[in-house]
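S.K.: What follows is a structure written as structure tokens; I'll ask about it next.
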Amino acid sequence: MAIRPTLQANYDVQALRAEEFPVARQTVYLNHAGISPLPRRAVLAMQDANNRLMENPSAAYSWFLEREQAMRANAARLINAASPDEIVGVQSTSLGLNLVAQALPWRSGENILLCDVEFPSNAYPWMRLVEQHGVEVRLIPAHEGGLTVEGLAQAVDSHTRLVTVSAVQFLSGHRSDLRAIGEFCHAHKLIFAVDAIQAAGHVPIDVQAMHIGILAAGGQKSLMAPPGQGFLYVRSDLAEQMRPTFVGPNATEDWIHWLKYDLTPLKGAARFTMGTPNVSGIVGLNESLALLLELGILNIDAYVTALVRQTRQQLLERGYAVLTPPEHAGILTFRAAPDDASTDALVKALAERHIVVVKHWDAHDVPYVRASFHCYNTWEDSERLLTALEEVQL
């Protein structure tokens, strides 16, 4: 019988489960890399917002603007942005990265470096530039599940303009060394862009110390926020170089005078404002950000990483092939069945036991099970998963 590991969080995990995540009462929820359950406080805040929109939407708007400002301030705190003015709410990671990719001034022959295991949200916006502007996209082979400085050093040249990476890779859970990559970009005078949807809320990110110029994070994964609402960070000096291709009616100077038709963009990230905001989504995102900040990202990272490390070790000892490398965050991916059909059957059998995981393929169509953890999961959750894997007969 395996020795139960000692896992201690610097916050009250049981209180967190009871007060914010009722899903934990019966379900071992391990799909935070897909879509996370909302904390109770976010749901209540969104209900409040919608009630105000129902009763008197005009009066609700000034109330909302205060919370929108708080959301930008909390997002800036989360990633240590220099100012909330470097933050703007966006629908998704995809939208945020598309907006900045289309706004940068490109020259034919420039190239962009990214790893060959990026989620499409951090590949397609840059690949689109190939036919539009004659930009080259260079795919760097992954090493232990992600991008390395060594890989960058082999691919960079005098025409390289931008490096983009996921802070945590969606499939393997590889944790990118953002500080080392950022220092590489800084030394080579390259723009550094980060897809943080699997990391913001899990992993400490310091955009200033890491020389990150662009960062986008949809809300529904590591931020545990409403689907369809995230945020975009653009460093102020970089934003001034950008001319948005898509222009919202409230993204220009003196925009409130609707009939002036002045296309002068607002300062900072606000130039990427895309019209009417998602009121309840931004209110919910703000509450989720506040919760994560209260718990402390360093605390979450230490606890969740230890939990995944111990679970990973148990899988290895039981003979499973584990894709997740030693340097990981909250994602744990492993082979548990020989083919697609049996992997589907396993995921279904686990769901019937109230254990939620998902199937993902690698680039060679090999099926894996992905379990992704967050701040309120426990070793008891891992034990239920490990026991169920042994019990399910395929």
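Each position in the sequence shown, counted from 1, maps to that position plus 1480 in my numbering.
All residues carry an ideal CB built from backbone N, CA and C; glycine is no exception.
Everything numeric in this text was worked out from a predicted model, so none of it was measured.
(1) Out of M1551, Y1541, L1524, point me to the one whose CA is closest to L1773's CA.
(2) Taking the straight line between their C-alpha atoms, what separation do you get for L1577 and E1871?
(3) Any idea what DSSP makes of W1586, helix, strand or coil?
(4) Counting pairs of Cβ atoms below 8 Å between the segment 1838 to 1857 and the segment 1501 to 1521, do you hit three or more?
(5) Are the CB atoms of P1684 and G1698 nearer to each other than 9 Å?
(6) Check L1468 in the structure and name its three-state DSSP category.
(7) Straight-line CA distance for H1512 to L1739?
(8) Considering Cα atoms alone, identify which of V1629, T1628, N1591, A1689 is closest to G1614.
(9) At the level of alpha carbons, what is the spacing between F1726 and K1747?
(10) Buried or exposed: S1652, going by 16 or more other Cβ atoms within 10 Å of its Cβ?
(11) Which value, in whole angstroms, describes the spacing of the CA atoms of S1852 and I1811?
(12) Determine the contact status of V1568 and V1784, defining contact as a CB-CB distance below 9 Å.
(13) Nearest to Q1700 by alpha carbon, out of I1671, V1570, L1778?
(14) Nearest by alpha-carbon distance to E1733: which of P1724, T1744, R1723 is it?
(15) Look at the alpha carbon of E1663 and the alpha carbon of M1690, and state the distance between them as a whole number of angstroms.
(16) By alpha-carbon positions, which one of S1572, E1832, P1806, V1846 ends up nearest to R1815?
(17) Can you give, in chain order, each stretch of the alpha helix (DSSP H) that sits fully within the segment 1493 to 1538 and has at least 4 residues?
(18) Applying the 10 Å Cβ sphere with the 16-neighbour rule, what's the burial state of G1681?
(19) Would you call the CB atoms of R1655 and E1807 closer than 9 Å?
(20) In the DSSP assignment, find the unbroken alpha helix (DSSP H) run with R1815 in it and report its ends.
(21) Report yes if the C-beta distance between P1724 and L1579 is below 9 Å; otherwise report no.
(22) In whole angstroms, give me the CA-to-CA distance for L1658 and E1797.
(23) Below 8 Å on the Cβ atoms is my contact criterion, and I expect T1628 with H1668 to pass it. Report the Cβ-Cβ distance as a whole number of Å.
(24) Please classify R1751: does DSSP put it in a helix, a strand, or coil?
(25) Measuring alpha carbon to alpha carbon, tell me which of L1695, A1647, H1844 ends up nearest A1809.
(26) Going by CA-CA distance only, name the one from L1487, V1759, V1687, E1863 that's closest to C1665.
(27) For the ligand MG, is there a heavy atom less than 8 Å away from the beta-carbon of A1489?
(28) Among Y1509, A1555, V1849, Q1709, whose alpha-carbon lies nearest the alpha-carbon of T1804?
(29) Kindly indicate the opening and closing residues of the beta strand (DSSP E) around P1847.
(30) In terms of DSSP beta bridges, what is H1666 paired with?
M.R.: Per the coordinate set shown:
(1) Stepping through the sequence shown from its first residue, residue 1773 is reached at position 293. It is M1551 whose Cα lies nearest to the Cα of L1773.
(2) Residue numbering aside, residue 1577 sits at position 97 when the sequence shown is read from its first letter. Residue numbering aside, residue 1871 sits at position 391 when the sequence shown is read from its first letter. So the alpha carbons of these two residues sit roughly 43 Å apart.
(3) Residue mapping note: residue 1586 aligns to position 106 of the sequence shown, counting from 1. In this structure, W1586 counts as coil in the three-state DSSP scheme.
(4) yes
(5) Stepping through the sequence shown from its first residue, residue 1684 is reached at position 204. Stepping through the sequence shown from its first residue, residue 1698 is reached at position 218. Cβ atoms of P1684 and G1698: not closer than 9 Å.
(6) Shown here, the chain extends from 1481 to 1874; a query on residue 1468 therefore has no answer.
(7) Residue mapping note: residue 1512 aligns to position 32 of the sequence shown, counting from 1. Residue mapping note: residue 1739 aligns to position 259 of the sequence shown, counting from 1. Using only the alpha carbons, I get a separation of about 45 Å.
(8) Here residue 1614 refers to the residue found at position 134 of the sequence shown. Considering only alpha carbons, the answer is N1591.
(9) Taking the sequence shown and counting its residues from 1, the one referred to as residue 1726 is at position 246. Taking the sequence shown and counting its residues from 1, the one referred to as residue 1747 is at position 267. One C-alpha to the other measures close to 16 Å.
(10) Counting from one through the sequence shown, the residue named residue 1652 turns up at place 172. Classification for S1652: buried.
(11) Here residue 1852 refers to the residue found at position 372 when the sequence shown is read from its first residue. Here residue 1811 refers to the residue found at position 331 when the sequence shown is read from its first residue. Spanning the two alpha carbons is a distance of roughly 4 Å.
(12) As a working note, residue 1568 is residue 88 in the sequence shown. As a working note, residue 1784 is residue 304 in the sequence shown. No, the Cβ-Cβ distance between V1568 and V1784 is not below 9 Å.
(13) Counting from one through the sequence shown, the residue named residue 1700 turns up at place 220. Measuring from the Cα of Q1700, the nearest candidate turns out to be V1570.
(14) As a position in the sequence shown, residue 1733 is number 253, starting the count at 1. Residue T1744 is the option with its Cα nearest to E1733.
(15) In the sequence shown, counting from the first residue as 1, residue 1663 sits at position 183. In the sequence shown, counting from the first residue as 1, residue 1690 sits at position 210. For E1663 and M1690, the distance between alpha carbons rounds to 7 Å.
(16) Counting from one through the sequence shown, the residue named residue 1815 turns up at place 335. Ranking S1572, E1832, P1806, V1846 by Cα distance to R1815 puts V1846 first.
(17) 1493 to 1500, 1520 to 1535
(18) Indexing the sequence shown from 1 puts residue 1681 at position 201. G1681 is buried by the Cβ-count criterion.
(19) On the sequence shown, residue 1655 is found 175 positions in, with the first residue counted as 1. On the sequence shown, residue 1807 is found 327 positions in, with the first residue counted as 1. Against a cut-off of 9 Å, the Cβ pair of E1807 and R1655 comes out as a contact.
(20) For the purposes of this step, residue 1815 is identified with residue 335 of the sequence shown, where counting begins at 1. No alpha helix (DSSP H) holds R1815; the beta strand (DSSP E) holding it covers 1811 to 1815.
(21) In the sequence shown, residue 1724 corresponds to position 244, counting from 1. In the sequence shown, residue 1579 corresponds to position 99, counting from 1. Yes, the pair counts as a contact, with Cβ atoms nearer than the cut-off.
(22) What you label residue 1658 is simply residue 178 of the sequence shown in a count that begins at 1. What you label residue 1797 is simply residue 317 of the sequence shown in a count that begins at 1. If I take the Cα positions, the gap works out to 31 Å.
(23) The count along the sequence shown starts at 1 and reaches residue 1628 at position 148. The count along the sequence shown starts at 1 and reaches residue 1668 at position 188. Not really, about 15 Å apart at Cβ, beyond 8 Å.
(24) Your numbering for residue 1751 matches position 271 in the sequence shown. Helix at R1751.
(25) Start at 1 with the first residue of the sequence shown, and residue 1809 comes out as number 329. Out of L1695, A1647, H1844, A1647 has the C-alpha closest to the C-alpha of A1809.
(26) Along the sequence shown, read from residue 1 onward, the residue named residue 1665 stands at position 185. It is V1687 whose Cα lies nearest to the Cα of C1665.
(27) This structure lacks the ligand MG; in fact it carries no ligand of any kind.
(28) In the sequence shown, counting from the first residue as 1, residue 1804 sits at position 324. With distances taken between Cα atoms, T1804 lies closest to V1849.
(29) As a first step, residue 1847 must be located in the sequence shown, where it is residue number 367. 1847 to 1852 is the span of the beta strand (DSSP E), which, as asked, contains P1847.
(30) Position 186 of the sequence shown holds residue 1666. Paired residues: none, contrary to the question.
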